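Colleague: The structure's right below; bear with me while I get my questions together.
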Amino acid sequence: MPPALTAEKTKKKRRAPATGKARPKAAALPLRKIEPAGMAAFNAVYRCREPLQFMIAEDAFLLAAEWTEPSTVPAAASAIRFSIDGEPGELILPSALIEEWVDAIDPEADRDRLAPEHFALLVECLLGGELSRLEAYFDCRIVFAAIQREATAPDGNVLTFSLERGGDVMPCVLQLEPAWAARLGHALDAIHGAKPPLRLDIPASVSIWRGVTVISVADLRSLRPGDVIVPEEMNTDQDAAVAIIADRFAVPVKAVGEGWLLTAGLGALAATKWEWTMDQTKKPSTVKVEDSDLEELPVTLVFEVGRMAMPLREVSGLTPGAVIEVTDMSSLAVDLLANGKRIGRGEIVRIGDGFGVQVTRIFGNA
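In our numbering, the protein residues as written are 1 to 366.
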């Protein structure tokens with residue numbers, strides 16, 4: 001290769017010095033405001049339930065509360081302005097659907113020349129049966145006032161739904177006074193009757209504890225490999241332990257070849273001798289606050305054999321004789337957990353007629 005060409009290839013382009021550019025100032029994003037009454041309405045409407053089935057003009061519809069960005073409205077939408085016992089409301093639906101309803105009640109109507117009030121009157125006539133049932137259920141009077149073409153996003157708290165007909169899903173927006181919105185949510189619950197099935201696939205933590213004790217912050221700082229700790233609570237039987245489930249239930253277990261066997265039924269942790277391991281920061285307001293040195297603050301130290309996640313379906317089926325497969329039973333090692341955080345490792349050792357834990361490792365960042 002010619003030297004000139006080689007030199008040309010090895011040249012590096014110098015970067016031009018960066019010119020000082022003014023960085024745009026960070027601006028706080030505006031938060032959408034929700035009144036307390038509106039929050040209660042949202043929680044009443046948006047719940048896990050089956051879609052509501054109903055008929056309009058011989059068409060089957062499915063209505064489901066489905067939250068979407070409230071600042072947008074369906075494309076080519078119209079707004080039905082109505083009142084419930086004098087309280088204003090607005091329902092935004094696709095214009096094509098409303099026009100279908102008008103054609104069904106009056107095929108000769110000239111939609112382009114209809115006044116908003118006459119437009120609403122025709123739709124109210126078509127939905128007369130459905131409106132009468134709603135009025136009887138809520139003991140109220142519903143009046144359609146007008147239909148506005150080319151609807152815009154309403155102000156205030158709005159509810160969004162999905163409306164399905166023949167496989168086609170249409171978004172719709174409803175604006176109601178919070179009290180009426182909450183009543184609507186409760187009505188949807190009452191129509192479905194039974195509560196939705198529980199999510200039994202949600203995992204719950206299962207921990208196997210060999211022992212637990214309380215030490216001070218000063219003692220925790222001084223722990224070193226080789227130190228021996230004698231837990232305040234530790235089963236004298238080498239094969240015995242306790243399973244803590246979801247930090248709320250406790251059950252005694254016994255080591256077997258493939259895991260830990262339940263020797264009793266699940267009981268509330270608060271009703272066992274392990275109750276004191278729960279959150280100790282919640283004290284009655286009548287208890288006098290005492291001064292304390294930081295080094296004297298208590299720390300709950302747990303000696304954990306292992307843990308796993310178990311679906312609630314399996315947890316609810318645990319009975320005496322069931323086996324929890326958590327860890328290798330041939331190991332005597334335990335994790336050292338201080339207030340729920342793993343700080344090191346230890347090993348079960350015999351001390352006279354009892355047992356203790358000898359520290360084998362303390363993590364550098366503990």
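The beta-carbon is built from N, C-alpha and C at its ideal position, and this holds for glycine as well.
Only a predicted model underlies this, so the values are computations on that prediction, with no experimental measurement involved.
Output the residue ranges of the beta strand (DSSP E) runs that lie fully inside the segment 61-85 and measure 3 residues or longer, sorted by chain position.
Modeller: With a minimum length of 3 residues, the continuous beta strand (DSSP E) runs that stay inside the segment 61-85 are 77-84.
Colleague: Between Ile-208 and Val-253, which are expected to be in contact by the criterion C-beta below 8 Å, what is the C-beta distance as a whole number of angstroms?
Modeller: Residue numbering aside, residue 208 sits at position 208 when the sequence shown is read from its first letter. Residue numbering aside, residue 253 sits at position 253 when the sequence shown is read from its first letter. At roughly 7 Å, the Cβ-Cβ gap stays under 8 Å, so Ile-208 and Val-253 are in contact.
Colleague: Do you know how far the Cα of Leu-62 is from the Cα of Ile-202?
Modeller: Counting from one through the sequence shown, the residue named residue 202 turns up at place 202. Counting from one through the sequence shown, the residue named residue 62 turns up at place 62. Cα to Cα, the separation comes out at about 28 Å.
Colleague: Within 10 angstroms of the Cβ of Ser-78, are there 16 or more other Cβ atoms? Answer buried if so, exposed if not.
Modeller: Residue numbering aside, residue 78 sits at position 78 when the sequence shown is read from its first letter. By the 10 Å Cβ count, Ser-78 comes out buried.
Colleague: Thinking C-alpha only, which one of Gly-354, Val-315 and Ala-240 is nearest Val-367?
Modeller: Any property of residue 367 remains undetermined from this structure, which presents the chain solely from 1 to 366.
Colleague: For a test of the three-state rule: what should DSSP assign to Ala-338, helix, strand or coil?
Modeller: Residue mapping note: residue 338 aligns to position 338 of the sequence shown, counting from 1. Three-state DSSP puts Ala-338 in a strand.
Colleague: Does DSSP put Gly-306 in a helix, in a strand, or in coil?
Modeller: The residue you call residue 306 lines up with position 306 of the sequence shown. In this structure, Gly-306 counts as strand in the three-state DSSP scheme.
Colleague: Roughly how many whole angstroms lie between the Cα atoms of Ala-246 and Val-206?
Modeller: Start at 1 with the first residue of the sequence shown, and residue 246 comes out as number 246. Start at 1 with the first residue of the sequence shown, and residue 206 comes out as number 206. Each residue's Cα considered, the two are about 6 Å apart.
Colleague: Would you mind stating whether Ser-216 and Val-299 have Cβ atoms separated by less than 9 Å?
Modeller: Along the sequence shown, one-based indexing puts residue 216 at 216. Along the sequence shown, one-based indexing puts residue 299 at 299. Against a cut-off of 9 Å, the Cβ pair of Val-299 and Ser-216 comes out as a contact.
Colleague: Evaluate contact between the segment 40-48 and the segment 113-128, counting only Cβ atoms and requiring at least three cross-stretch pairs below 8 Å.
Modeller: With the cut-off at 8 Å, the segment 40-48 and the segment 113-128 do not touch.
Colleague: Measure the beta-carbon distance from Leu-200 to Arg-49 and round it to whole angstroms, keeping in mind my assumption that it falls under 8 Å.
Modeller: Position 200 of the sequence shown, counted from the first residue, corresponds to residue 200. Position 49 of the sequence shown, counted from the first residue, corresponds to residue 49. Going by Cβ atoms, the distance from Leu-200 to Arg-49 rounds to 18 Å, so no, they are not a contact pair.
Colleague: From the DSSP secondary-structure annotation, give me the bridge partner or partners of Phe-119.
Modeller: Residue numbering aside, residue 119 sits at position 119 when the sequence shown is read from its first letter. Looking at the DSSP assignment, Phe-119 forms no beta bridge with any residue, so it has no partner.
Colleague: What do you get for Ile-324, buried or exposed, if any count of 16 or more other CB atoms within 10 angstroms of its CB means buried?
Modeller: Stepping through the sequence shown from its first residue, residue 324 is reached at position 324. Buried, by the Cβ-count rule.
Colleague: How big is the Cα-Cα spacing for Gly-344 and Arg-307?
Modeller: Here residue 344 is taken as the residue at index 344 of the sequence shown, counted from 1. Here residue 307 is taken as the residue at index 307 of the sequence shown, counted from 1. Their Cα atoms are separated by approximately 15 Å.
Colleague: Here's the rule I'm using: 16 or more other beta-carbon atoms within 10 Å means buried, otherwise exposed. How should Glu-69 be labelled?
Modeller: Reading the sequence shown from its first residue, position 69 is the one you call residue 69. Classification of Glu-69: exposed, given that the 10 Å Cβ count is below 16.
Colleague: Using DSSP with H/G/I as helix, E/B as strand and the rest coil, what is Arg-113?
Modeller: Taking the first residue of the sequence shown as 1, we reach residue 113 at position 113. DSSP places Arg-113 in helix when its eight states are reduced to three.
Colleague: Give me the Cβ distance between Ser-83 and Ala-145, rounded to the nearest whole Å; I'm assuming they're in contact under 8 Å.
Modeller: Counting from 1 along the sequence shown, the entry for residue 83 is found at position 83. Counting from 1 along the sequence shown, the entry for residue 145 is found at position 145. Contact flag correct, Cβ pair sits at about 6 Å.
Colleague: Between Thr-160 and Leu-122, what straight-line distance do the alpha-carbon atoms span, to the nearest angstrom?
Modeller: By one-based count along the sequence shown, residue 160 stands at place 160. By one-based count along the sequence shown, residue 122 stands at place 122. Roughly 24 Å between the two C-alpha positions.
Colleague: In this structure, how does DSSP classify Glu-347 when only helix, strand and coil are distinguished?
Modeller: For the purposes of this step, residue 347 is taken as residue 347 along the sequence shown, with counting starting at 1. In this structure, Glu-347 counts as strand in the three-state DSSP scheme.
Colleague: Among Pro-107, Met-55, Ala-218 and Arg-361, which one has its Cα closest to the Cα of Gly-129?
Modeller: Walking along the sequence shown from the start, residue 129 turns up at place 129. Gly-129 has its Cα closest to that of Met-55, out of Pro-107, Met-55, Ala-218 and Arg-361.
Colleague: Could you please give me the residues that DSSP links to Val-102 through a beta bridge?
Modeller: As a working note, residue 102 is residue 102 in the sequence shown. Val-102 pairs with nothing; no bridge assigned.
Colleague: Excluding the five sequence neighbours on either side, which residues of its own chain have a C-beta within less than 7 Å of the C-beta of Pro-94, listed in chain order?
Modeller: Locating residue 94 in the sequence shown gives position 94, counting from the first residue. Answer for Pro-94: Pro-74, Ala-76, Ala-77 and Met-170, listed in chain order.
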